[in-house]
Structures are given as C-alpha cells and as structure tokens.
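A.B. asks:
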Amino acid sequence: MKPKYQILHNAIFNTLSWVFSIVINFAFLPYIVHKLGAEAYGVLVLILSIIGYFAIMDLNLGQAIIKYVAEYNGKNKKKKVNEIIRVTIFLYLILGLAGSLIIFSLSHIIVDQFLKIRPEMLPDAHFATSIGAAGFLFTMLLSALSAILKGLNRYDITSKITIIMNIINTISSVILLYAGFGLRELIMLNVSISLFSMIIYIIIGKRLLPGLKLTPAFNLFAFKKVFNFAIFSSLSRISEVFKFQGERLLVGAALGVSGVTYYVVPSSLVRKVMTFTSHLGSVILPVVSNLQGKEDYDAVIALYLKSSKLIAVIATSTCLPLILFGNQLLGLWMGIEFQEKTGMVMLLLTLSFYMDAFTNVPAIVVNGLGRPKITGLFALANAIINLTLIYPLAKIMGINGIAIAFFVSNIGIAPVFIFYANNKVLGFPLSALIKKAYLLPIVSAFLTAMLLLFFCRYEIRNFFELLCIMITTTILYIVISSIIGVFSSEEKSQCIDYLRSILGGTIQRFSIKGLGKK
C-alpha cells in the first residue's frame, strides 16, 4: 500500500472489522443462543461483561503505547520505543494479574449472590468465571500487543487479525455446540483465542519492528511518560462509562423501568450508528504523534483539516436520514405506540451525537500531541452536566427531559472544546476550521434536506420503503456535496487511484494464482 493512502486504508479496515463483528454476530447468534440455552448464554454474556468492566483497570495504557511508539518511531529512537513498550507490558502484567486475582477471589460471590442462576448451572458458572479470570490477563496483554501495531500505523493488520479471530471464534463456537459441548468449552475457547491472538501479534510485531523487545522491564522515564498520558487519557473513558451507566440509573429512578426502555432503545440505535465515525477517526492518532516526533506541525494542521472535513461529511451523511426519518424508523421498527411515547428523543439524541462527532478529530489530535488532560477534563464536564440535569428535567418533562439533558451537555461542551483545541492547542483559528472543513458539508445537508422534506409529509408504508428513502438521502447528500465542491479534484483523484490500487492488486493476485495452476 502506498504510504499516502495508509490513513485511508487503515480507516476502511478499522471500520470493516467493527461492521464485520456486528454482521457475524447477527448471523450466528440465534443458533448459539438456541443450542447453548438462554440461561447458559446469559451466564456467558454476564461473565464476559464483568471481565469487560474490570478492563477499565488498564488505565488506557494502550493509547499511551500508540502515542509514544508513533512519536519515538518518528524520531527514529528505537531504544525509546522499546523502553515504552517494555514498561507498558510491565504495567499491563501487574494490572492483569491483580484483576485476575480479584475476579477469581470474587467468583463465588459474583455467581452465588449477584447472578440469579439455577442450582444445576452453578458448577458451570463457577468454572466459567474462574477460567475467565485467567483469560483477563491474556486480554490485558493482548491490548498492549495490538497497540504496538497501531502505533506503527498498521490498523489494517490489527483489523484483519480481529476479523480472522472473530471468524475462528464464531465458527468454532458453532462446531462445539453442534458436537454437544456447552458453556465450559465456550469460555475456554474465548481464552484460547486471546492466547492465539497474542502469539500472532508477537510474530507480526517482531517482523514490523526489528529489534522489538517484549520482556517486561521498569524504566522511570518511560513510566512517567506512559503513566501521565494514560491517567488523563483514561479520564475520558471513565467519564463516558460513568455517563453511560449513570444516565440509565437516573432514568429508572425518575421514570421507572419502562422509561429506561423508551430512552435506551433510540439511544442505543443512534450510538451504534455513530460509532462508525469514531472507528474512522481513531486511526489518525499514531500519524499525529509520528508527525509530532518529526516536528512537522504544518502536516499536523493539514491532516487535521482534511480529517475534520471527512468526519463532518460522514457524520452528516449518517445523521441526516435519522434527523429526517428517525421517528418513522422507530414507528415501523418498534411500533406506533413506542414511537409516540419516545416523543422528541430520537431527534434530540441524533442532533446531540451529531454535534459530538465534530469533537472526534480535535480530541484525537489533542491526545496525539500529548495533551490528554484537556480531553479528559472536557469529557468529565460533559458527564457532570448531563447527569446533573437528567433527574430534574425528567421529572418536569418526562422522557423528553432526558434527551434535552443529553442535548444541553453536548451542545454546551462540544463548541467550547473545539474552540479550545483550535485556538489554544493548535494555534489555529476556529473561523478557518469552519470555513475549510465544516461550512460546505453543512450547506450540502441543508440543500439535501430541502429536496427531501416532502417525503416527511407522506406516510411511509413499510420498512423497506423507509430504508430505500434513507439510503437515497445519504447518496443524494454525497452527490450534492460533490457538486458544490466539498471534495477537491485532488481528493477525488486520490480516491479513484486508491480504488484502482486495491482492485488492481486483487486482480493481479487472482491472475498469478490462475497462471500458477496452469
């Protein structure tokens, strides 16, 4: 792959791995649940969820590896790269062992007191929790090893490994269940997949980075670098978890259990759709850090502007159909009664996530430049404002009040953060960012909406018809964006050249195989 296309290549594969995991899960989940049984599958999910929550102990060390491997690799300081990697693996090893011991020691309490399980399922649940505790250590170390490749700007490789491991895991699960095995074997399979993935990452890492040392070692300089970055970087993630879980508890307290359902369904839908932008944007972190290592700040600004425009286009093309037809989607998907009870929730949440998408690139660039404290504090402020407003607004305005609280926290924090990132961190005026990255994509959205508004006046009869209209909205937006000059001629030619290189490489590989057979 040509270096100039590596970012695009990474973004596509990073997103494909996420989409693939959703598709393969959707395809095989009914069979797995049917063969394993609802209760056993529930135990599996809960145990994996508990292990997932303990993963917050990693303090976002993976982001620190990505940042400093990229930065020191850009400076061609291989010794510093190894120091960062070895001290981070040292920390992951300590945290992984601590987490494994905590999960193992609490396994009986978790299973016997917190999970409502039939007595005959208890032995399997105890076994699964104990094995899962050991698997937690592998999961932590796997995060470190995958982060090394990401720091080398090879998200395409990590994505391919993720896809392959998902296929192996899913197909193996189906085979095991077909052969009559159950919960114990599935949890052991999950742990084995993590261990196998570690081996793959070690082999590839040593090929990509000659002289790579993976033995744990403590270095005070590297420790300070990694810890200072990780502790503030983790603040963003902790704030998001705090906000995500806290809003559900407060909704339940204010409106009851049914209120949680009417809020969580549209919230989960929009959240899953908008995850698309974060997977695309995250790949620029090592590039920014690498450019910082080379002290090429003009290239950082150029990348910042181009990435901001791309995310603006993608976020708009994704959100616009939901803004225009989101309520109809809820009605056809969940029923008219459900649609009526959610009120303005779908629209307000879509607008909120849309605004939040514009912070994606500034946050990654700020982190890439080694300033995670800024993103962490803004994320914490967002969570505090949201959680403070939820309960009183829910009591006054019902389900709409919850969405308004979410909207106010995002609309209040996002513009301030973008301004601060531009003017204070990058030294780049916000007006220039709006003009070069945001203005035309937003103008295109208004033009598209005006052309499509008449659809909202007529009753959409079925889900397929609605889906066609929503896809048409996205396509029309891209076409209008192209016409009014959102994409430069250089960007269009680069996109075409990239597609040719991908298709040409694929055709060439098939041709070589065909000649080999002859």
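For the sequence shown, our numbering begins at 328 and goes up steadily by one.
Just so it is clear, CB atoms sit at the ideal spot from N, CA and C, and this is done for glycine as well.
1) Taking contact to mean 3 or more Cβ pairs, one atom from each stretch, closer than 8 Å, check whether the stretch 513 to 523 and the stretch 456 to 468 are in contact.
2) How should residue 342 be labelled, buried or exposed, when 16 other C-beta atoms within 10 angstroms of its C-beta is the threshold for buried?
3) Do the stretch 606 to 621 and the stretch 642 to 654 meet, that is, are 3 or more Cβ pairs less than 8 Å apart?
4) Quick check: what's the CA-CA separation for residue 627 versus residue 403?
5) Along the chain, where does the alpha helix (DSSP H) containing residue 440 start, and where does it finish?
6) Can you give me the C-alpha to C-alpha distance between residue 713 and residue 505, rounded to a whole angstrom?
7) Run through DSSP, which three-state label would residue 791 get?
8) Can you tell me whether residue 352 is buried or exposed, with buried defined as 16 or more other CB within 10 angstroms of its CB?
9) If you run the structure through DSSP and keep just helix, strand and coil, what is residue 657?
10) Alpha carbon to alpha carbon, what distance is there between residue 344 and residue 489?
11) For the alpha helix (DSSP H) containing residue 735, list its first residue and its last residue.
12) Using DSSP with H/G/I as helix, E/B as strand and the rest coil, what is residue 670?
13) Under DSSP, the alpha helix (DSSP H) around residue 695 begins and ends at which residues?
14) Evaluate contact between the stretch 743 to 754 and the stretch 601 to 612, counting only Cβ atoms and requiring at least three cross-stretch pairs below 8 Å.
15) So, are the CB atoms of residue 434 and residue 457 less than 8 Å apart?
16) Do residue 656 and residue 780 have their C-beta atoms closer together than 8 Å?
17) Report yes or no: do the stretch 657 to 667 and the stretch 798 to 818 share at least 3 C-beta pairs separated by less than 8 Å?
18) Leaving out five residues on either side along the sequence, give the residues of the same chain with a beta carbon under 7 Å from the beta carbon of residue 732.
19) Could you round the C-beta distance between residue 764 and residue 642 to whole angstroms and report it? I think they count as a contact, below 8 Å.
20) On the CB-based measure, 16 or more other CB atoms within 10 Å of its CB, does residue 687 come out buried or exposed?
21) Less than 8 Å between the CB atoms is what I'm expecting for residue 531 and residue 484, so what's the real figure, rounded?
22) State buried or exposed for residue 847, treating a residue as buried only when at least 16 other CB atoms are found within 10 Å of its CB.
23) Using the Cα positions of residue 553 and residue 743, report the straight-line distance between them to the nearest angstrom.
24) When you compare only the Cα positions, how much space is there between residue 661 and residue 474?
25) Can you tell me the Cβ-Cβ gap for residue 682 and residue 741, rounded? I've got them flagged as a contact below 8 Å.
26) Report the rounded CA-to-CA distance for residue 550 versus residue 466, giving the unit in angstroms.
27) With C-beta atoms as the reference, is residue 575 less than 8 Å away from residue 680?
28) Would residue 317 pass as a contact of residue 586 if the rule is Cβ separation under 8 Å?
29) At the level of alpha carbons, what is the spacing between residue 527 and residue 539?
30) Once the 5 residues before and after residue 757 are set aside, which same chain residues still bring their CB inside 8 Å of it?
31) Between the Cα of residue 545 and the Cα atoms of 791, 754, 412, which residue gives the shortest distance?
32) For residue 494, which of helix, strand or coil comes out of DSSP?
33) Could you tell me the distance, in whole angstroms, from the CA atom of residue 361 to the CA atom of residue 559?
34) From 510, 492, 349, 708, pick the residue whose C-alpha is nearest to that of residue 523; which is it?
35) Since residue 811 is in the alpha helix (DSSP H), which residue starts that stretch and which ends it?
36) So is residue 398 buried or exposed if we call it buried at 16+ other beta carbons inside 10 Å?
C.D. replies: Concretely, from the data shown:
1) yes
2) The sequence position of residue 342 within the sequence shown is 15, counting from 1. Residue 342 comes out buried.
3) no
4) The sequence position of residue 627 within the sequence shown is 300, counting from 1. The sequence position of residue 403 within the sequence shown is 76, counting from 1. The straight-line gap from Cα to Cα measures roughly 18 Å.
5) Your numbering for residue 440 matches position 113 in the sequence shown. Per DSSP, residue 440 belongs to no alpha helix (DSSP H) and is neither H nor E.
6) To locate residue 713, count along the sequence shown from 1; it is residue 386. To locate residue 505, count along the sequence shown from 1; it is residue 178. Cα-Cα distance, rounded: 47 Å.
7) As a working mapping, residue 791 is identified with position 464 in the sequence shown. Three-state result, residue 791: helix.
8) The count along the sequence shown starts at 1 and reaches residue 352 at position 25. Under this definition residue 352 is an exposed residue.
9) Residue 657 sits at position 330 when you count from the first residue of the sequence shown. It is helical.
10) Locating residue 489 in the sequence shown gives position 162, where the first residue counts as 1. Locating residue 344 in the sequence shown gives position 17, where the first residue counts as 1. Near 6 Å, if we compare the C-alpha coordinates of residue 344 and residue 489.
11) Position 408 of the sequence shown, counted from the start, is the residue given in the question as residue 735. From DSSP, the alpha helix (DSSP H) with residue 735 extends over 726 to 747.
12) Position 343 of the sequence shown, counting from 1, holds the residue named residue 670. In the structure shown, residue 670 sits in coil (DSSP, three-state: anything other than H, G, I, E or B).
13) Translated into positions along the sequence shown, residue 695 becomes position 368. Here the alpha helix (DSSP H) through residue 695 covers 687 to 695.
14) no
15) For this step, residue 434 is matched to residue 107 along the sequence shown. For this step, residue 457 is matched to residue 130 along the sequence shown. For residue 434 and residue 457, yes; Cβs fall inside 8 Å.
16) Translated into the one-based positions of the sequence shown, residue 656 becomes position 329. Translated into the one-based positions of the sequence shown, residue 780 becomes position 453. Cβ distance not < 8 Å, so residue 656 and residue 780 don't count as in contact.
17) no
18) Stepping through the sequence shown from its first residue, residue 732 is reached at position 405. If we look at residue 732 and ignore the five residues flanking it on each side, its Cβ neighbours are 713, 716, 717, 720.
19) Within the sequence shown, residue 764 is the residue found at index 437, counting from 1. Within the sequence shown, residue 642 is the residue found at index 315, counting from 1. Contact doesn't hold; Cβ gap of about 12 Å is too wide.
20) Position 360 of the sequence shown, counting from 1, holds the residue named residue 687. With 16 or more Cβ atoms within 10 Å of its Cβ, residue 687 is classed as buried.
21) Within the sequence shown, residue 531 is the residue found at index 204, counting from 1. Within the sequence shown, residue 484 is the residue found at index 157, counting from 1. With 8 Å as the limit, residue 531 and residue 484 qualify as a contact, their Cβ atoms being about 6 Å apart.
22) What the structure shows of the chain is the stretch from 328 to 845, and residue 847 is not part of that stretch, so it cannot be assessed.
23) In the sequence shown, the residue the question calls residue 553 occupies position 226. In the sequence shown, the residue the question calls residue 743 occupies position 416. So the two alpha carbons sit approximately 28 Å from each other.
24) Taking the sequence shown and counting its residues from 1, the one referred to as residue 661 is at position 334. Taking the sequence shown and counting its residues from 1, the one referred to as residue 474 is at position 147. Whole-angstrom Cα-Cα distance: 40 Å.
25) Numbered from 1 along the sequence shown, position 355 holds the residue referred to as residue 682. Numbered from 1 along the sequence shown, position 414 holds the residue referred to as residue 741. With a Cβ gap of about 5 Å, residue 682 and residue 741 count as contacting.
26) Translated into the one-based positions of the sequence shown, residue 550 becomes position 223. Translated into the one-based positions of the sequence shown, residue 466 becomes position 139. Going by the C-alpha atoms only, they are around 21 Å apart.
27) Residue 575 sits at position 248 when you count from the first residue of the sequence shown. Residue 680 sits at position 353 when you count from the first residue of the sequence shown. No, the Cβ-Cβ distance between residue 575 and residue 680 is not below 8 Å.
28) Past the edges of the chain, shown from 328 to 845, lies residue 317, and the structure says nothing about it.
29) Here the question's residue 527 lines up with position 200 in the sequence shown. Here the question's residue 539 lines up with position 212 in the sequence shown. So the alpha carbons of these two residues sit roughly 15 Å apart.
30) As a first step, residue 757 is located in the sequence shown; it is residue number 430 there, counting from the start. Cβ within range, chain order: 745, 746, 749, 750.
31) Within the sequence shown, the letter at position 218 stands for residue 545. Closest by alpha carbon: 412.
32) Here residue 494 is taken as the residue at index 167 of the sequence shown, counted from 1. If DSSP states are grouped into helix, strand and coil, residue 494 belongs with the helices.
33) Translated into positions along the sequence shown, residue 361 becomes position 34. Translated into positions along the sequence shown, residue 559 becomes position 232. So the alpha carbons of these two residues sit roughly 43 Å apart.
34) Mapped onto the sequence shown, residue 523 falls at position 196. If we check each option's Cα against that of residue 523, 492 comes out closest.
35) Taking the sequence shown and counting its residues from 1, the one referred to as residue 811 is at position 484. First-last for residue 811: undefined, no H or E at that position.
36) Counting from one through the sequence shown, the residue named residue 398 turns up at place 71. Counting Cβ neighbours within 10 Å, residue 398 comes out buried, since at least 16 surround it.
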